[in-house]
Structures are given as C-alpha cells and as structure tokens.
Amino acid sequence: MAKKVLTPEEIEARRLRRNEQCKQYHIKNRERRLAYKRENHAKNKAHRLQKMKEWREKNKERRNMYFKEWWRKNRAKNCVSSGTESDDSTCSTNLLMLSEVALQVKVDDQPIDILLEDVRSPILCLKEEPFYYPLV
Numbered sequence: 038m039a040k041k042v043l044t045p046e047e048i049e050a051r052r053l054r055r056n057e058q059c060k061q062y063h064i065k066n067r068e069r070r071l072a073y074k075r076e077n078h079a080k081n082k083a084h085r086l087q088k089m090k091e092w093r094e095k096n097k098e099r100r101n102m103y104f105k106e107w108w109r110k111n112r113a114k115n116c117v118s119s120g121t122e123s124d125d126s127t128c129s130t131n132l133l134m135l136s137e138v139a140l141q142v143k144v145d146d147q148p149i150d151i152l153l154e155d156v157r158s159p160i161l162c163l164k165e166e167p168f169y170y171p172l173v
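Add 37 to the 1-based position in the sequence shown for our numbering, that's all there is to it.
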C-alpha cells in the first residue's frame with residue numbers, strides 16, 4: 038500500500054498536534070514529580086519533628102537527673118559553710134528539705150490560665166484598706 042503524500046498544511050498540523058501532546062505529557066509529569074516531592078517532604082518533616090521532640094524529652098530527663106545528683110552531692114557543702122548561728126542552721130535545714138521536695142515535684146508543661154486579678158480580687162475584698170508592702 039502506498040504511503041499517503043501529505044500537504045505542507047497537514048504536515049504542520051501533525052507537527053503542532055505532536056508538540057502539544059509532548060507538552061501536555063511533560064506538564065503532567067512535572068506535576069506528578071512535584072506532588073511526590075511535596076508529599077515526601079511533609080513526611081520527612083513530620084518524622085524529623087517527632088524525633089526532635091523525643092530527643093528533647095530524653096535530654097530534659099537526663100539533665101534533670103544529673104542536676105538532682107549534683108544538687109544532692111553539693112548542697113551539704115554549701116550549708117556547712119553558711120554559718121554557725123542556730124537560726125542560720127535552722128534556715129539552711131529548712132531550705133534543704135524544701136529543695137528536696139522541689140526536686141521531687143514534677144512541673145507540668147501546660148501553663149495555667151489564671152489571671153492575676155482573679156487571684157487578687159478575693160483577698161482585696163476582705164479589707165477595704167490598701168495593702169502594706171514593706172519591701173516596695
């Protein structure tokens with residue numbers, strides 16, 4: 038069977054149609070690649086943030102443990118050198134007990150949403166006179 042001879046207009050039309058098909062293929066391919074990159078980037082970022090959070094928690098626990106050990110080891114030295122008066126030694130003993138309690142208390146990371154005015158208002162209602170602040 039003989040090959041059909043195309044006119045220059047038909048050749049140009051085929052060429053343009055083929056160019057358009059190639060262009061559409063490349064556009065779709067690029068969109069697919071970018072979508073994959075975006076998805077992969079989001080997964081990696083989420084994973085990285087999760088790992089950083091875990092590391093932070095581990096480091097916080099480790100630092101807390103080291104601090105407790107250091108504090109228990111060094112607090113006796115500080116209290117012995119503080120003075121010889123009975124009041125001073127009583128204060129230092131009380132501070133030691135308080136510090137031990139403070140080391141055992143775990144503070145929540147959640148901030149408490151209590152306004153200063155909510156705390157002050159019942160106290161201020163007890164007396165009409167202004168408070169006396171000796172240190173101010």
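Glycine included, each C-beta is placed from N, C-alpha and C at the ideal position. Source: prediction; values computed, not measured.
Once you ignore the five residues that flank residue i on each side, which residues in its own chain have a CB closer than 6 Å to its CB?
i: Ile48; result: none
i: Asn96; result: none
Keeping to the same chain, check which residues put their C-beta closer than 8 Å to that of residue i; ignore five residues upstream and five downstream.
i: Leu43; result: Arg51
Any beta carbon from chain D within less than 7 Å of residue i's own beta carbon?
i: His78; result: The structure shown has no chain D; it contains just one protein chain.
Around the C-beta of residue i, are 16 or more other C-beta atoms found within 10 angstroms, so that it is buried, or is it exposed?
i: Leu53; result: exposed
Let me know the alpha helix (DSSP H) ranges lying completely inside the region 60 to 102, each 4 residues or longer, listed in chain order. Listed in chain order, nothing qualifies, since the region 60 to 102 has no complete alpha helix (DSSP H) run of 4 or more residues.
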